[in-house]
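Residues 42 to 245 in our numbering are what the sequence shown lists, from first letter to last. These notes concern the structure reproduced below.
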Amino acid sequence: MHPADEILVERSQNGDLEAFEMLVRRYENKVYTVAYRFLGNHADASDLAQEAFLRLYQALPRFRGESSFMTWLYRITANACRDELRRRQRNSTVSLDGENGLEHIQNYSLFSGYIPSPEDTVEKKELNGLVQMCLNSISGEHRLILVMREIQGMTYDEISAVMNCSLGTVKSRLSRARRAFREKFNGLKELMELTSRQEKYGGI
């Protein structure tokens with residue numbers, strides 16, 4: 042039986058590095074997925090995940106259990122994403138080779154009927170690339186809330202705690218984010234379909 046987060050946090054606060062390493066191993070994939078979907082680049086996502094865990098380690102003495110550890114870690118990760126976005130001044134890199142791809146997506150209704158069959162890996166990769174391009178083209182706040190809800194499958198309450206805002210604000214922001222994403226997605230999908238037809242029929 043694995044120790045609960047609270048036990049590992051308490052041990053980490055008392056200087057137990059092994060306990061902290063267990064926390065890192067438990068959440069590193071989740072943190073990396075948020076970072077990757079936010080930044081669109083594997084190397085940058087790895088760097089940001091390391092930065093998030095460094096911030097976590099530095100902030101551990103201040104954790105008092107007022108929220109769940111997972112919520113607190115997501116808040117640290119979200120702030121690291123925002124800081125990186127400000128540093129880049131909206132200069133994002135697009136990646137099409139996502140390792141953390143469709144298996145993480147919770148809500149296919151975003152994709153307006155463009156749903157590949159489970160066995161069609163080619164369509165999956167195309168959809169994964171479209172998702173990342175669309176995420177990179179919307180605002181940082183829209184991107185962050187979509188990653189938390191649609192890719193990580195977080196509840197409204199969890200997102201509310203991470204973003205430190207009301208449930209009503211979460212729902213309205215998510216609605217705007219979904220609308221922005223769908224507009225980008227449908228436009229890119231039409232462009233890719235047109236390009237595919239032109240290639241098939243020799244530019245006609």
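Ideal Cβ positions, reconstructed from N, Cα and C, are used throughout, including at glycine. All of these numbers come straight from a predicted model, not from anything done at the bench.
Item to check | Proximity winner among K71, E47 and N70, relative to A60 (alpha-carbon distances) | outcome: Mapped onto the sequence shown, residue 60 falls at position 19. Selected option, being the one with the closest Cα: E47.
Item to check | Beta-carbon contacts of R217 that lie in its chain and below 8 Å, excluding the five residues immediately before and after | outcome: To locate residue 217, count along the sequence shown from 1; it is residue 176. H183, listed in sequence order.
Item to check | CA nearest to the CA of G209, picked from Q173, Y197, R219 and R78 | outcome: Along the sequence shown, one-based indexing puts residue 209 at 168. With distances taken between Cα atoms, G209 lies closest to Y197.
Item to check | Anticipated Cβ contact below 8 Å, M195 with M204, distance rounded | outcome: As a first step, residue 195 must be located in the sequence shown, where it is residue number 154. As a first step, residue 204 must be located in the sequence shown, where it is residue number 163. Going by Cβ atoms, the distance from M195 to M204 rounds to 10 Å, so no, they are not a contact pair.
Checklist entry - Taking L187 as the reference, which of V75, R127 and R67 has the closest Cα? => result Within the sequence shown, numbered from 1, the residue matching residue 187 stands at position 146. When only C-alpha atoms are compared, the closest one is V75.
Item to check | Closest residue to N55 among D88, K71, S87 and Y98 (Cα-Cα distance) | outcome: Counting from one through the sequence shown, the residue named residue 55 turns up at place 14. The residue with the shortest Cα to Cα distance from N55 is Y98.
Checklist entry - What is the residue span of the alpha helix (DSSP H) that D88 lies within? => result Against the sequence shown, residue 88 aligns to sequence position 47. That run of the alpha helix (DSSP H) goes H83 to A100.
Next on the checklist: In this structure, how does DSSP classify H43 when only helix, strand and coil are distinguished?
Outcome noted: The count along the sequence shown starts at 1 and reaches residue 43 at position 2. Reduced to three states, the DSSP call for H43 is coil.
Checklist entry - What is the C-beta distance between N177 and G81, in whole angstroms, given that I count them as a contact (C-beta under 8 Å)? => result Taking the first residue of the sequence shown as 1, we reach residue 177 at position 136. Taking the first residue of the sequence shown as 1, we reach residue 81 at position 40. So it is a contact: roughly 5 Å between Cβ atoms.
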